[in-house]
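**Q** Here it is, the structure in full.
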Amino acid sequence: MKKWVMIFLTIILICTVVIVIANSYFSKTITNDDISDGKRVITDLFAAVNNEDVKGANGTIGRYLAGRFNETNIKGWKPKLTSIEYIKDDKFRLPPHSYKSNYGHDPFQSMSFRVTYFNNIDQKKYKQYFILVKETKNAKWKIHDWGLP
Numbered sequence: 291m292k293k294w295v296m297i298f299l300t301i302i303l304i305c306t307v308v309i310v311i312a313n314s315y316f317s318k319t320i321t322n323d324d325i326s327d328g329k330r331v332i333t334d335l336f337a338a339v340n341n342e343d344v345k346g347a348n349g350t351i352g353r354y355l356a357g358r359f360n361e362t363n364i365k366g367w368k369p370k371l372t373s374i375e376y377i378k379d380d381k382f383r384l385p386p387h388s389y390k391s392n393y394g395h396d397p398f399q400s401m402s403f404r405v406t407y408f409n410n411i412d413q414k415k416y417k418q419y420f421i422l423v424k425e426t427k428n429a430k431w432k433i434h435d436w437g438l439p
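Going by the numbering used here, the sequence shown opens with residue 291, and the numbers climb by one from there.
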């Protein structure tokens, strides 16, 4: 009888360990590291635009807006980034509908930020939503899209 109890407890322990490991591997929960990485991607975009670095700006953009920046549309645009705010549980924008309609599936992960910046061209302050996606577990965060609320 004791032998069966030990076998049963061992099986329970192994199952618990497998579930914990599988959950951490397949988890789509947005972590603080994800949020920091997302903010860095947005900051990198603004830095590249301000430096008229077309390659750097396009490096922050995912395939949906690939090639968005060029020498013409980046020249002279010097937006001043004011704030980046993570929007938790953004059910309205996430997952991005345009991603699924273009690629047939949702991205591995997606998150939303409210970004405030001052536009030097028209001298106005803007609040826009930036949608970032990770296509696969090991992919880097990229800006999928942005726009007004």
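Where is the CB? At the ideal position from N, CA and C, for every residue including glycine.
1. Where does Ser400 land, buried or exposed, given buried means 16+ other C-beta within 10 angstroms?
2. Return the chain-ordered list of same chain residues with a C-beta closer than 7 Å to the C-beta of Asp435, the five sequence neighbours on each side being excluded.
3. Counting only the same chain and skipping the five closest in sequence on each side, list residues whose C-beta sits under 7 Å from that of Arg383.
4. Considering Cα atoms alone, identify which of Ser326, Phe398, Lys293, Trp294 is closest to Ile377.
5. Rounded to whole angstroms, what is the Cα-Cα separation between Val310 and Lys318?
6. What number of angstroms, rounded off, separates the C-alpha of Trp367 from the C-alpha of Asp380?
**A** The relevant details are as follows:
1. Working through the sequence shown from its first residue, we reach residue 400 at position 110. Under this definition Ser400 is a buried residue.
2. By 1-based counting over the sequence shown, the position of residue 435 is 145. Hits under 7 Å: Tyr354, Leu355, Pro386, Ser388, Ile421.
3. The residue given as residue 383 occupies position 93 in the sequence shown. Within the same chain, Ser402, Tyr419, Ile421 come within 7 Å of Arg383 by CB-CB distance, once the 5 residues on both sides are set aside.
4. By 1-based counting over the sequence shown, the position of residue 377 is 87. Closest in C-alpha terms to Ile377, from the list Ser326, Phe398, Lys293, Trp294, comes Ser326.
5. Residue mapping note: residue 310 aligns to position 20 of the sequence shown, counting from 1. Residue mapping note: residue 318 aligns to position 28 of the sequence shown, counting from 1. Because Val310 sits at a pLDDT of 45, beneath the cut-off of 50, its placement in the model cannot be relied upon, and the following sentence gives the value as read from the coordinates. In a straight line, the C-alpha of Val310 is about 14 Å away from that of Lys318.
6. As a working mapping, residue 367 is identified with position 77 in the sequence shown. As a working mapping, residue 380 is identified with position 90 in the sequence shown. Those two C-alpha atoms are separated by around 29 Å.
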